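Protein chains in written order, with UniProt numbering: chain A, 1 to 244; chain B, 1 to 244; chain C, 1 to 244; chain D, 1 to 244. Positions of the beta carbon are idealized from the N, C-alpha and C atoms, including for glycine. Bear in mind that the values here come from a model prediction, so they are computed numbers and not experimental data.
There are 4 protein chains.
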Amino acid sequence: MRVQVIARTEFLPPADVPWETDADGGQALAEFAGRACYQSWNKPNPATATNAGYLRHILDVGHLSVLEHGTVTLYITGVSRSLTHELVRHRHFSYSQLSQRYVPERDAEMVEPEVVAADPELHALFQEAAAASLEAYSKLLEGLEKHFAEVAAPTSRRKQARQAARSVLPNATETRIVVTGNYRAWRHFIAMRASESADVEIRGLAILALRALQDVAPNVFADFRVSTLDDGTEVASSPLVSEG
Amino acid sequence: MRVQVIARTEFLPPADVPWETDADGGQALAEFAGRACYQSWNKPNPATATNAGYLRHILDVGHLSVLEHGTVTLYITGVSRSLTHELVRHRHFSYSQLSQRYVPERDAEMVEPEVVAADPELHALFQEAAAASLEAYSKLLEGLEKHFAEVAAPTSRRKQARQAARSVLPNATETRIVVTGNYRAWRHFIAMRASESADVEIRGLAILALRALQDVAPNVFADFRVSTLDDGTEVASSPLVSEG
Amino acid sequence: MRVQVIARTEFLPPADVPWETDADGGQALAEFAGRACYQSWNKPNPATATNAGYLRHILDVGHLSVLEHGTVTLYITGVSRSLTHELVRHRHFSYSQLSQRYVPERDAEMVEPEVVAADPELHALFQEAAAASLEAYSKLLEGLEKHFAEVAAPTSRRKQARQAARSVLPNATETRIVVTGNYRAWRHFIAMRASESADVEIRGLAILALRALQDVAPNVFADFRVSTLDDGTEVASSPLVSEG
Amino acid sequence: MRVQVIARTEFLPPADVPWETDADGGQALAEFAGRACYQSWNKPNPATATNAGYLRHILDVGHLSVLEHGTVTLYITGVSRSLTHELVRHRHFSYSQLSQRYVPERDAEMVEPEVVAADPELHALFQEAAAASLEAYSKLLEGLEKHFAEVAAPTSRRKQARQAARSVLPNATETRIVVTGNYRAWRHFIAMRASESADVEIRGLAILALRALQDVAPNVFADFRVSTLDDGTEVASSPLVSEG
Chain A
1 MRVQVIARTE FLPPADVPWE TDADGGQALA EFAGRACYQS WNKPNPATAT
51 NAGYLRHILD VGHLSVLEHG TVTLYITGVS RSLTHELVRH RHFSYSQLSQ
101 RYVPERDAEM VEPEVVAADP ELHALFQEAA AASLEAYSKL LEGLEKHFAE
151 VAAPTSRRKQ ARQAARSVLP NATETRIVVT GNYRAWRHFI AMRASESADV
201 EIRGLAILAL RALQDVAPNV FADFRVSTLD DGTEVASSPL VSEG
Chain B
1 MRVQVIARTE FLPPADVPWE TDADGGQALA EFAGRACYQS WNKPNPATAT
51 NAGYLRHILD VGHLSVLEHG TVTLYITGVS RSLTHELVRH RHFSYSQLSQ
101 RYVPERDAEM VEPEVVAADP ELHALFQEAA AASLEAYSKL LEGLEKHFAE
151 VAAPTSRRKQ ARQAARSVLP NATETRIVVT GNYRAWRHFI AMRASESADV
201 EIRGLAILAL RALQDVAPNV FADFRVSTLD DGTEVASSPL VSEG
Chain C
1 MRVQVIARTE FLPPADVPWE TDADGGQALA EFAGRACYQS WNKPNPATAT
51 NAGYLRHILD VGHLSVLEHG TVTLYITGVS RSLTHELVRH RHFSYSQLSQ
101 RYVPERDAEM VEPEVVAADP ELHALFQEAA AASLEAYSKL LEGLEKHFAE
151 VAAPTSRRKQ ARQAARSVLP NATETRIVVT GNYRAWRHFI AMRASESADV
201 EIRGLAILAL RALQDVAPNV FADFRVSTLD DGTEVASSPL VSEG
Chain D
1 MRVQVIARTE FLPPADVPWE TDADGGQALA EFAGRACYQS WNKPNPATAT
51 NAGYLRHILD VGHLSVLEHG TVTLYITGVS RSLTHELVRH RHFSYSQLSQ
101 RYVPERDAEM VEPEVVAADP ELHALFQEAA AASLEAYSKL LEGLEKHFAE
151 VAAPTSRRKQ ARQAARSVLP NATETRIVVT GNYRAWRHFI AMRASESADV
201 EIRGLAILAL RALQDVAPNV FADFRVSTLD DGTEVASSPL VSEG
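#1: Could you spell out where the beta strand (DSSP E) holding Q4(C) opens and where it closes?
#2: CB-CB under 6 Å to S40(A), same chain, minus the five flanking residues each way: which ones, in chain order?
#3: Counting only C-beta atoms, is V103(A) closer than 8 Å to chain B at any point?
#4: Let me know the secondary structure DSSP gives L87(B) once reduced to three states.
#5: Kindly list, in the order they appear in chain C, the residues whose Cβ is closer than 7 Å to that of S242(A).
#6: Helix or strand or just coil, what does DSSP make of E121(B)?
#7: Could you give the distance in angstroms between the alpha-carbon of R193(C) and the alpha-carbon of A118(B)?
#8: Are I207(B) and E234(B) closer than 8 Å when you measure CB to CB?
#9: May I have the straight-line CA-CA distance separating L29(B) from R35(B), to the nearest angstrom?
#10: Assign P14(D) to one of three DSSP states: helix, strand, or coil.
#11: Express the C-alpha separation of K159(A) and G62(A) in angstroms, rounding to a whole number.
#12: Going along the chain, which unbroken runs of the alpha helix (DSSP H) with 4 or more residues stay wholly within the segment 94-169 of chain B?
#13: Beta-carbon of F126(D) versus every beta-carbon of chain C: anything under 8 Å?
#14: Please report the distance separating the alpha-carbon of V178(C) from that of R211(B).
#15: Excluding the 5 residues preceding and the 5 following G204(A) in the sequence, name in chain order all residues of the same chain whose CB lies nearer than 8 Å to its CB.
#16: Hey, quick one: how far does the beta strand (DSSP E) through N182(A) stretch, first residue to last?
#17: Taking a contact to mean a Cβ-Cβ separation below 8 Å, would you say Y183(A) touches A129(A) in this structure?
#18: Alpha carbon to alpha carbon, how far is T21(B) from I6(B)?
#19: Give the secondary structure of T71(A) by DSSP, where H, G and I count as helix, E and B as strand, and everything else as coil.
#20: What is the DSSP secondary structure of E201(A), reduced to helix, strand or coil?
#21: So which of Q214(C), S65(C), S82(C) has the shortest CA-CA distance to I202(C)?
#22: Specify, as a first and last residue, the run of the beta strand (DSSP E) that E234(B) falls within.
#23: Can you find a CB in chain D that lies within less than 8 Å of the CB of F32(A)?
#24: Report yes or no: is there a C-beta of chain C within less than 8 Å of the C-beta of Y95(B)?
#25: Along the chain, where does the alpha helix (DSSP H) that runs through V61(C) open and close?
#26: So that I know if they touch, is there some Cβ in chain C lying closer than 8 Å to that of V200(D)?
#27: If you drop the 5 nearest sequence neighbours on each side, which residues of the same chain put their C-beta closer than 7 Å to that of I190(D)?
#28: Go ahead and label Y95(B) buried or exposed: buried means 16 or more other beta carbons lie within 10 angstroms of its beta carbon, across all protein chains shown.
#29: Counting only C-beta atoms, is P14(B) closer than 8 Å to chain C at any point?
#30: Return the CA-CA distance between G70(A) and M110(C), expressed in angstroms with no decimal places.
#31: Could you have a look at V220(B) and say whether DSSP puts it in helix, strand or coil?
#32: R89(D) CB to nearest chain A CB: under 8 Å?
#33: Using 8 Å as the limit for Cβ to Cβ distance, is I58(B) near chain C?
#34: Determine which residues share a DSSP beta bridge with R225(C) and list them.
#35: Excluding the 5 residues preceding and the 5 following N51(C) in the sequence, name in chain order all residues of the same chain whose CB lies nearer than 7 Å to its CB.
#36: Using 8 Å as the Cβ pair cut-off and three pairs as the minimum, do the segment 84-93 of chain B and the segment 130-142 of chain A touch?
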């Protein structure tokens, strides 16, 4: 699994507003948006005179809508279709995902659960099942391409063959997805999916996403802490958010 | 595949509004909502004096927000996880779906693409692949339950085993899902998914959904027409909507 | 201010599911949706064998998506445009609101803040200001209708006059609005707007809405309690929700 | 009315993807997202080998979800509360707006409709009404601050006074708002609000927003054309979008 930040917010401060801050990008934008609500461009209170202090206050009072202006886009590869089937339920994100209707999967990678990979017997079972599925896929695809040979448009022909053949591909099939979300949506995702009750794979994604987001916008995600469970996997949580 | 209407809107007309109409449920509610915007409780124009005429006018002028008040819930069974992975991208619906993390799939049904089922050779390939996947799932599940035997809580133990074992289940695995949407969201779904460019399976769902919705709220879906393509599959479209 | 329930969810249990419950409407639908996720139609646990117990469990574990299937529509009258400007920020509701572009407001009611109405001096100030605004509106409208007299289409002519004349109408101008939301969205609205930090008028709406919702779906809103502040106004809260 | 671009998307191309394009920012991101769906990093077709050509194709085929990754934030000042009451109905935007509960409006500017300002008699009517409203507001605020003098917390005291006093402020009162939206949401906003049927003021905003967006992301908004109506106001439309 790999998570790469491929886009973030660039802030262009308006020239006519008598204010500046000690951060840039989406963090500065969040502060600007918060101050615009009150037209409070002065900083009489030292506790909120820095961007870090201001955003901490925003989180404390729950004025979360100002965290909707900054966005981060992640390019996520090496994850399974089980994971993305759960991921795309999050309605506040935008998605562009590798299509099994358009892309042939003859050489698809498989994302093996770690607990399976760590046990030689289970690993062998998984490998065998994955290979059998891919072989069945390739044969089905070949047969379907013959079946649809009379379809004039090649794109349509291939699409019809692939969308039927994919029926035998397993949940473990690797997929890739571009995900854009604003800070508030990412915070919600992490609160929900970095918790112990989440599936191990999507929990791993939530932890990687959190680390990437803490690099991009440390003041917005500073309250989340990662810890390690007895089984060696990681979770993250914040005193400022609840899962609900 | 089966589509059952399991909930719909019941309208309770307010006693103090000097208006009545010749429909009930969500259709009456849509008319009420439209008239509330203009407080136009009289019906001077015969063209809009019936509920059918009024809603036709709403569609003609594109005042689609009044179609958001009425909702319909479908219980959809006998569909594949390929289909639901696409379905749940529709952000204006609400979903409750059978969970592969909680429900064991040893005896899962498989949803075979029609084009595969119709060809004896492809059908045999599919059946064999499906059986092999289910067998691998059962063995993996057994091995994982042993692996997690030391986990104290039985629910957690089973969940951890199932969420890893599901990795070998194919896209064709049958799933069931409760879907609630308002009329406007359903119209958008049908416009997008009953079109020729959609996957055959989800297109079949869109056609079944359209027929169910035309039963519940004929005046809201009257403009959609079903037709049959050369390959025998159906599509639906309306002069009043575009796919975009 | 008046809040009327004008629509709610009607549940039609599917004949082939071996389950029944001791509630109907959206409450039964929520239970059905929850059980569909686990295909758990039996009721081995007495604590969740009633609809009330089942939904209490749903709230306890935060499985809130099953509360999205049931909806309630309120017709809200006698509220100010200040209130609706805040209300329509809630993105999970659907709205149909009286339009000041289409409906003339010469005889509009004014929604006076209670604290103003209770003080004879402030009340007199308010009444005078409201009357002056309405008079200015009427004169502006008259002048604008003359200005637009050459516009051929009467609907367009009146709309152009009204949309300019409304500029002098005050926030206090009465408006009416149809609001549809699912149970989850209504719970969020009440958590946000029935709290002490909310504006007094919208807080009053949240309390009235809560009481109406507790009538329609008591098991879904049972955890909210209303209490009275020192100043005599009411608030509501639940141990199961936070404002964030 | 003034519209300033205060944030936009910065694209950080992943090092390991064998592709580059002739644009940057959100335009490059949209192309990346589109190509990720098909893993089509080559450019065999000259028509889609440039960013402009690729995005034109995206618009032509209606693959609009790839336009959700790039965002633009506008800081909009000098608009009326009538306008923002309509604006905030757009659910796909994020907003931070000057609060009349927190900011005193004694010296508020008024946004006079152009058709009123152009007619000396109507202009005088408007000016007089606006001045009377502001005077009533100031007096009410003074009286309310006395009324709430016993409230201990100064922020709460002032908030309670302001939220009641604002009841007499007119729709024309100037407000300021930070609005963030993705390209798809902005396209929808312009399609809806730059049309002849929209209110003159919000139509003016839609035109200014379009021009700002065409500067930031010309390839995404290239299909919209501005034209002038007989009454001198502007509209915009595209052959690729419908209002619905």
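From the atom records:
#1: 2-11
#2: none
#3: no
#4: helix
#5: S242
#6: helix
#7: 58 Å
#8: yes
#9: 10 Å
#10: coil
#11: 47 Å
#12: 114-117, 120-147, 154-165
#13: yes
#14: 28 Å
#15: M1, T233, E234
#16: 174-182
#17: no
#18: 25 Å
#19: strand
#20: helix
#21: S82(C)
#22: 234-237
#23: yes
#24: yes
#25: 51-61
#26: yes
#27: A206, A209, L210, F224, A236
#28: buried
#29: yes
#30: 39 Å
#31: helix
#32: no
#33: no
#34: S237(C)
#35: T21, D22, A23, Q27, A28, E31, N219
#36: no
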